[in-house]
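I have placed the structure first, in the form of structure tokens, so that the comments after it can refer back to it.
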Ligand code: APR
């Protein structure tokens, strides 16, 4: 599998995850064969214009994903990242995810940034209130103020949540680890380049070489659920020795 980079207690680590980390849990990815964007036209379900034109269709798509999300469990890759954060509380560790599922938190990760939003949350198009809604929702759910609710999801053409802070975290980290993302959707896809330019060692784990492979100092090709536990074991042992 090749050598693993070492870390110390002073290493600042930022991890970026994408759909590939949840694939082994049974959550479909977007751009792989059989992925979500093969079955649905993203312009019809994942843009502000789509929601304006046909909110019911958009909600049906997200309600289906919300339902499916309830039946999935974290896999060894999610648990490895959670274990890493838990065992080494003194190490500066942040987990940025493009995923809208709850699997990182369910595995026990704490310092999680959902840059593309969360399936479990809604936002009112009138009063802007964000709410955690775990109950089943109708196809046109309403807020208590009467406004139409939308999924608290970042659609194409919208700016991801907390971008300034995320760039800053990437800029300040020593090690940038990216797992299970095709490296095609910006700004997340540019974090690797940004981190590398600011001196971070960049490490990637993916089933196939991602689009931004060129900017990865170390790349491990394969399943996240098999590689990440080994990587984390190595890092934990670095600090124990
Ligand atoms: N382990 C590691 N990598 C995997 C695995 C696995 N078990 N299974 C699939 N992959 C890889 C694929 O090879 C692919 O490169 O995960 C990547 C998933 O890529 P995408 O489907 O493009 O998902 P992602 O990069 O997260 O998409 C980014 O696009 O549609 C939007 O907002 C959506 O957050 C999403 C964003």
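Numbering (the working numbering), first residue to last: 2 to 242.
Glycine included, each C-beta is placed from N, C-alpha and C at the ideal position.
The ligand APR heavy atom lying under 6 Å from the CB of residue i
i, result
"residue 76", "no"
"residue 62", "no"
"residue 117", "yes"
"residue 207", "yes"
"residue 164", "no"
"residue 30", "yes"
"residue 186", "yes"
"residue 108", "no"
"residue 25", "yes"
"residue 21", "yes"
"residue 40", "no"
"residue 51", "no"
DSSP beta-bridge partners of residue i
i, result
"residue 152", "123"
"residue 114", "97"
"residue 133", "122"
"residue 143", "149"
Environment of residue i [buried if 16+ CB atoms lie within 10 Å]
i, result
"residue 97", "buried"
"residue 8", "buried"
"residue 211", "buried"
"residue 187", "exposed"
"residue 157", "exposed"
"residue 84", "buried"
"residue 135", "exposed"
"residue 198", "exposed"
"residue 131", "exposed"
Alpha-carbon to alpha-carbon, residue j and residue i
i, j, result
"residue 101", "residue 75", "13 Å"
"residue 31", "residue 209", "14 Å"
"residue 11", "residue 151", "41 Å"
"residue 179", "residue 206", "6 Å"
"residue 112", "residue 95", "5 Å"
"residue 117", "residue 125", "17 Å"
Open item on the list: To test your reading of the DSSP string, which unbroken alpha helix (DSSP H) runs of 4 or more residues are found completely within the stretch 174–236?
Closed with: 192–198
Open item on the list: List, from N- to C-terminal side, the alpha helix (DSSP H) runs of 4 residues or more that fit wholly inside the stretch 4–50.
Closed with: 21–24, 37–40, 43–46
Task: In chain order, each alpha helix (DSSP H) run of at least 4 residues that lies wholly inside the stretch 53–101 - done: 56–71, 77–88
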